[in-house]
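Peer 1: First, the structure itself, so that you have it in front of you.
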Amino acid sequence: MESLFDINVGQQCKILNIMIDGPLKRRLIDIGLTPNSTVCCVGQSPLKDPKAFLIRGAVIALRQEICEKITVRAVV
Amino acid sequence: MDNTYTIALAGNPNVGKSTIFNALTGMHQHTGNWTGKTVDSAQGFFKTDSHKYRLIDLPGTYSIMPHSPEETIARDYIINQKPDAVIVVCDATTLSRNLTLALQTINVSRRVLVCVNLLDEAHKKGIKIDLALLEQRLGVKVIGTTARNKKTVKNLLCALDEVLNSSPRTEFDFGTDEETALSTVKTAEQICREVVTYKKDNLCARDLKIDKIITSKFFAYPIMLALLCLVFWITISGANYPSDMLFSAFSRLENWLSSLLLSVNCPKIIHDAFILGVFRTVSFIVSVMLPPMAIFFPLFTLLEDLGFLPRIAFNLDKPFKNCGACGKQALTMCMGFGCNAAGVTGCRIIDSPRERLLAILTNAFVPCNGRFPTIIAIITMFLIGGGISGSFMSAIILTLVITIGILLTFLATKLLSKTVLKGVPSNFILELPPYRRPQILKVIVRSIFDRTLFVLGRSLIVAAPAGLIIYIMSNTQIGGATLLSYCADFLDPFARLLGLDGVILIAFILGFPANEIVIPIIIMAYMETGVLEDGFSLSFMRTLFIENGWTVKTAISMLIFTLCHWPCSTTVLTIKKETASIKWTLLSILLPTGFGVVLCIVFNYIYSLIV
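Heads up: the protein sequence lines correspond to chains A and B, in order. Be aware that the first sequence starts at 0, since it is given in numbering that gives the first Met the number 0, and climbs by one per residue. Be aware that the second sequence starts at 0, since it is given in numbering that gives the first Met the number 0, and climbs by one per residue.
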């Protein structure tokens with residue numbers, strides 16, 4: 000199973016499951032990271048972490064720890 | 000007409016909310032803090048032909064559900080204070096996400112006006128929004144705005160009047176569970192599918208191209224460092240002339256005040272203490288402090304408005320995470336280069352209390368504008384020759400000093416998060432807003448009022464009494480020597496251990512109100528003049544210092560101690576205010592001082608082995 004962190008710059012993916020509980024999950028939903036939505040990795044920090052994703056029109060940076068708890072399917 | 004309506008202004012971060020706030024209220028506004036919280040609040044007043052309004056600027060928030068102190072405030076205000084209407088500002092380029100907040104707000108408020116802002120940016124990106132249909136689907140008044148357009152304000156005011164003339168809706172309760180959140184997001188998406196049309200595929204190609212360079216593996220850090228140095232260079236070279244002008248203006252004022260006091264037969268001792276002590280020190284600090292800050296802060300705010308600063312946080316998040324801290328600390332650190340007190344205040348942007356404390360306690364490890372002149376003067380006097388190669392070398396050494404400051408920040412942060420501030424790094428979600436053309440004039444006004452005057456005001460509170468103390472110490476004679484020289488002699492053995500001398504150490508102590516006066520105090524003490532003077536040339540200073548036993552070792556020790564010692568009084572006061580704790584304030588003094596003492600002793604030991 001791929002996680003959001005495995006997605007390379009320029010690659011698109013579909014969110015499958017967010018394995019996080021509590022307020023953080025709500026926050027992710029509020030910024031538009033919902034199951035079945037499509038996001039695109041648009042950049043990464045020079046040290047590879049965090050990565051930046053285009054989520055519903057806005058660029059949002061997420062740390063590795065969060066990305067790894069989000070399962071995705073890469074869209075070709 | 001005599002009734003004033005209360006309006007709350009809500010919206011996601013980075014949607015141009017403050018621009019709208021400023022456009023509506025103009026200068027009729029004041030800022031403060033939300034009761035008991037260190038979150039800025041602003042309210043302003045304006046009126047139309049039919050109504051008078053009080054506008055409350057709520058903190059930027061993604062949701063009515065609270066995650067951070069800012070969001071709790073926004074939510075509590077809308078739900079408990081029940082304003083007459085809420086204006087929800089939405090970013091036209093990311094409407095779907097912004098509508099989540101709008102939908103939630105519509106559920107809990109009596110009257111809502113949805114303001115779709117940044118239409119010009121959306122137009123450039125090929126995004127078209129059917130505002131009429133959006134109004135129909137949301138069931139509340141919708142108005143499109145372009146922050147820079149004059150007509151915007153007029154349209155907004157008309158729409159607001161219209162909304163307030165309508166009868167209030169009944170507000171619903173609404174669920175806070177995940178299901179409700181998801182369904183709100185889905186509704187927002189559905190509405191967007193109907194009202195938004197995209198003409199181009201690639202939404203922000205230009206931004207992505209810039210980001211690719213700014214966050215690239217090889218160029219990211221050199222670009223950041225170069226930009227930082229450029230900002231310093233502009234600040235330092237630009238501040239010279241206004242500083243000189245302030246000096247001469249103050250000295251004219253001093254002469255005038257002096258003759259005024261003498262003409263009313265003021266006793267000489269009071270005249271001297273007030274004019275040569277208090278007034279001279281205060282005017283000295285204003286002259287050297289005001290111009291660099293008035294240049295640095297607008298530049299900094301400019302980078303902020305451009306959207307460059309969040310990228311710095313993005314690039315530096317990993318190293319800060321490894322130290323148990325937050326990437327946003329990179330921003331407060333950069334702000335510390337301008338002024339540590341402003342940097343400490345800036346730590347409010349960090350959500351987690353533990354990480355905020357880390358950022359506050361380590362802010363003084365980067366040299367502020369007040370310490371740069373000292374550092375540069377020492378580098379020029381003792382470490383390099385003159386000429387073009389000299390100024391190039393001094394730039395390199397200065398960059399080295401800055402880099403050491405940054406490394407020490409990491410080290411101190413790591414030390415704290417392994418000891419007194421244990422914990423795992425919290426979640427880091429950072430929006431990288433699109434690059435925007437900043438509004439230069441507003442940037443200047445805002446940074447001067449919000450930052451420069453704030454810092455200046457606070458430093459003057461301490462400068463005045465300190466000026467008196469400096470005067471008394473350097474002019475009270477006991478057995479042929481001044482109080483100042485007694486203190487210097489007393490501190491001398493310890494200071495020698497650090498590679499300094501007693502005079503330098505006492506200058507640092509008396510320089511507590513502002514680091515800018517450290518070198519003037521040293522000169523005053525060596526020359527035994529008893530009053531602060533300005534306008535000595537570097538070569539004169541160099542000769543004076545060498546006559547008093549300075550060597551390269553003294554110069555480097557002084558550099559280390561300038562980088563690491565107690566924060567200035569303004570910063571300490573600010574830390575006390577921000578942390579509301581004596582314990583943390585004391586630690587913020589002891590931590591850099593401890594580092595400085597240890598580093599100086601170690602350096603002198605190594606130096607004595609080599610030379």
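Using N, Cα and C, we set each Cβ at its ideal position, and we do this for glycine too.
Alpha carbon to alpha carbon, how far is residue 477 of chain B from residue 311 of chain B? Give it in angstroms, no decimals.
Peer 2: Here residue 311 of chain B refers to the residue found at position 312 of the second sequence. Here residue 477 of chain B refers to the residue found at position 478 of the second sequence. Computed Cα separation, rounded: 55 Å.
Peer 1: On the DSSP bridge list, what partners appear for residue 16 of chain A?
Peer 2: The residue you call residue 16 of chain A lines up with position 17 of the first sequence. In the DSSP output, where bridge partners are listed per residue, residue 16 of chain A has A:70.
Peer 1: Could you compute how far the alpha carbon of residue 64 of chain B sits from the alpha carbon of residue 436 of chain B?
Peer 2: Counting from 1 along the second sequence, the entry for residue 64 of chain B is found at position 65. Counting from 1 along the second sequence, the entry for residue 436 of chain B is found at position 437. Cα to Cα, residue 64 of chain B sits roughly 32 Å from residue 436 of chain B.
Peer 1: Tell me which residue opens and which closes the alpha helix (DSSP H) that residue 228 of chain B is part of.
Peer 2: What you label residue 228 of chain B is simply residue 229 of the second sequence in a count that begins at 1. That run of the alpha helix (DSSP H) goes 219–262.
Peer 1: Are residue 6 of chain B and residue 54 of chain B touching if we call contact CB-CB under 8 Å?
Peer 2: Your numbering for residue 6 of chain B matches position 7 in the second sequence. Your numbering for residue 54 of chain B matches position 55 in the second sequence. Contact: yes.
Peer 1: At a Cβ cut of 7 Å, what residues of the region 94–125 of chain B count as close to chain A, listed as they run along the chain?
Peer 2: Result list: 95, 96, 99.
Peer 1: Closer than 7 Å, Cβ to Cβ, to anything on chain A: give me those residues from the region 284–305 of chain B, in chain order.
Peer 2: Against chain A - using a Cβ distance shorter than 7 Å - the region 284–305 of chain B contributes no residues.
Peer 1: Using Cβ-Cβ distances below 7 Å, what residues of the region 422–453 of chain B are close to chain A?
Peer 2: Hits within the stretch, in order: 426, 427, 428, 429, 430, 431.
Peer 1: For residue 191 of chain B, which residues in the same chain have their Cβ closer than 7 Å to its Cβ, ignoring the five residues on either side in sequence?
Peer 2: Within the second sequence, numbered from 1, the residue matching residue 191 of chain B stands at position 192. Answer for residue 191 of chain B: 94, 95, 98, listed in chain order.
Peer 1: Between residue 198 of chain B and chain A, is the shortest Cβ-Cβ distance under 8 Å, so that the two count as touching?
Peer 2: Position 199 of the second sequence, counted from the first residue, corresponds to residue 198 of chain B. No - not a single Cβ of chain A is within 8 Å of the one on residue 198 of chain B.
Peer 1: On the DSSP bridge list, what partners appear for residue 525 of chain B?
Peer 2: Position 526 of the second sequence holds residue 525 of chain B. Residue 525 of chain B pairs with nothing; no bridge assigned.
Peer 1: Using a C-beta cutoff of 8 Å, does residue 68 of chain A count as contacting chain B?
Peer 2: Looking up residue 68 of chain A in the first sequence gives position 69. No, its Cβ sits nowhere closer than 8 Å to a Cβ of chain B.
Peer 1: Chain A beta carbons: is any one of them nearer than 8 Å to that of residue 627 of chain B?
Peer 2: Given that chain B is displayed from residue 0 to residue 610, the structure contains no residue 627 of chain B and the question cannot be resolved.
Peer 1: Pick out whichever of B:532, B:574, B:471 has its Cα sitting closest to the Cα of residue 273 of chain B.
Peer 2: For the purposes of this step, residue 273 of chain B is taken as residue 274 along the second sequence, with counting starting at 1. Considering only alpha carbons, the answer is B:471.
Peer 1: Check the C-beta distance from residue 83 of chain B over to residue 163 of chain B and give it rounded, since I have them as a contact under 8 Å.
Peer 2: Here residue 83 of chain B refers to the residue found at position 84 of the second sequence. Here residue 163 of chain B refers to the residue found at position 164 of the second sequence. Sure, about 6 Å apart at Cβ, within 8 Å.
Peer 1: Below 8 Å between beta carbons: does that hold for residue 454 of chain B and residue 338 of chain B?
Peer 2: Walking along the second sequence from the start, residue 454 of chain B turns up at place 455. Walking along the second sequence from the start, residue 338 of chain B turns up at place 339. Yes, they are a contact pair.
Peer 1: Assign residue 286 of chain B to one of three DSSP states: helix, strand, or coil.
Peer 2: Taking the second sequence and counting its residues from 1, the one referred to as residue 286 of chain B is at position 287. Helix.
Peer 1: Which of helix, strand or coil does DSSP assign to residue 376 of chain B?
Peer 2: Locating residue 376 of chain B in the second sequence gives position 377, counting from the first residue. If DSSP states are grouped into helix, strand and coil, residue 376 of chain B belongs with the helices.
Peer 1: Rounded to the nearest angstrom, what separates residue 249 of chain B and residue 52 of chain B at their Cα positions?
Peer 2: The residue labelled residue 249 of chain B in the question sits at position 250 within the second sequence. The residue labelled residue 52 of chain B in the question sits at position 53 within the second sequence. In a straight line, the C-alpha of residue 249 of chain B is about 43 Å away from that of residue 52 of chain B.
Peer 1: Is the separation between the beta-carbon of residue 429 of chain B and that of residue 326 of chain B shorter than 8 Å?
Peer 2: On the second sequence, residue 429 of chain B is found 430 positions in, with the first residue counted as 1. On the second sequence, residue 326 of chain B is found 327 positions in, with the first residue counted as 1. Yes, the Cβ-Cβ distance between residue 429 of chain B and residue 326 of chain B is below 8 Å.
Peer 1: Quick one: using the 10 Å Cβ neighbour count with 16 as the cut-off for buried, is residue 77 of chain B buried or exposed?
Peer 2: Against the second sequence, residue 77 of chain B aligns to sequence position 78. Burial call: buried.
Peer 1: Could you tell me which uninterrupted alpha helix (DSSP H) segments, each at least 4 residues in length, are contained entirely in the region 434–483 of chain B, listed from first to last along the chain?
Peer 2: Listed in chain order, they are 439–446, 452–474.
Peer 1: Applying the 10 Å Cβ sphere with the 16-neighbour rule, what's the burial state of residue 581 of chain B?
Peer 2: By 1-based counting over the second sequence, the position of residue 581 of chain B is 582. Residue 581 of chain B comes out exposed.
Peer 1: My guess is that residue 413 of chain B and residue 322 of chain B are in contact by the Cβ rule of under 8 Å, so how many angstroms apart are they, rounded?
Peer 2: The residue labelled residue 413 of chain B in the question sits at position 414 within the second sequence. The residue labelled residue 322 of chain B in the question sits at position 323 within the second sequence. Yes, they are in contact, since the Cβ atoms of residue 413 of chain B and residue 322 of chain B sit about 4 Å apart, within 8 Å.
Peer 1: If you draw a straight line from the alpha carbon of residue 2 of chain A to that of residue 70 of chain B, how long is it in whole angstroms?
Peer 2: By one-based count along the first sequence, residue 2 of chain A stands at place 3. By one-based count along the second sequence, residue 70 of chain B stands at place 71. Spanning the two alpha carbons is a distance of roughly 29 Å.
Peer 1: Report the rounded CA-to-CA distance for residue 366 of chain B versus residue 56 of chain A, giving the unit in angstroms.
Peer 2: As a working mapping, residue 366 of chain B is identified with position 367 in the second sequence. As a working mapping, residue 56 of chain A is identified with position 57 in the first sequence. Spanning the two alpha carbons is a distance of roughly 39 Å.
Peer 1: Name the chain B residues that come within less than 8 Å of residue 24 of chain A, Cβ to Cβ?
Peer 2: Within the first sequence, residue 24 of chain A is the residue found at index 25, counting from 1. Simply 177.
Peer 1: Going by Cα to Cα distance, which pick from B:355, B:168, B:404, B:102 is closest to residue 595 of chain B?
Peer 2: One-based indexing of the second sequence puts residue 595 of chain B at position 596. Answer by Cα proximity: B:404.
Peer 1: Tell me whether residue 349 of chain B is buried or exposed, calling it buried when 16 or more other Cβ atoms sit within 10 Å of its Cβ.
Peer 2: Position 350 of the second sequence, counted from the first residue, corresponds to residue 349 of chain B. Residue 349 of chain B is buried by the Cβ-count criterion.
Peer 1: Just grab the DSSP bridge partners of residue 2 of chain A for me.
Peer 2: As a position in the first sequence, residue 2 of chain A is number 3, starting the count at 1. Residue 2 of chain A is bridged to A:70.
Peer 1: List, in chain order, every chain B residue whose beta-carbon is nearer than 7 Å to that of residue 74 of chain A.
Peer 2: In the first sequence, the residue the question calls residue 74 of chain A occupies position 75. Residues of chain B passing the Cβ test: none, with the nearest at roughly 15 Å.
Peer 1: For chain B, find out if any of its Cβ atoms is closer than 8 Å to the Cβ of residue 5 of chain A; answer yes or no.
Peer 2: Indexing the first sequence from 1 puts residue 5 of chain A at position 6. Answer no: the Cβ-Cβ gap between residue 5 of chain A and chain B never drops below 8 Å.
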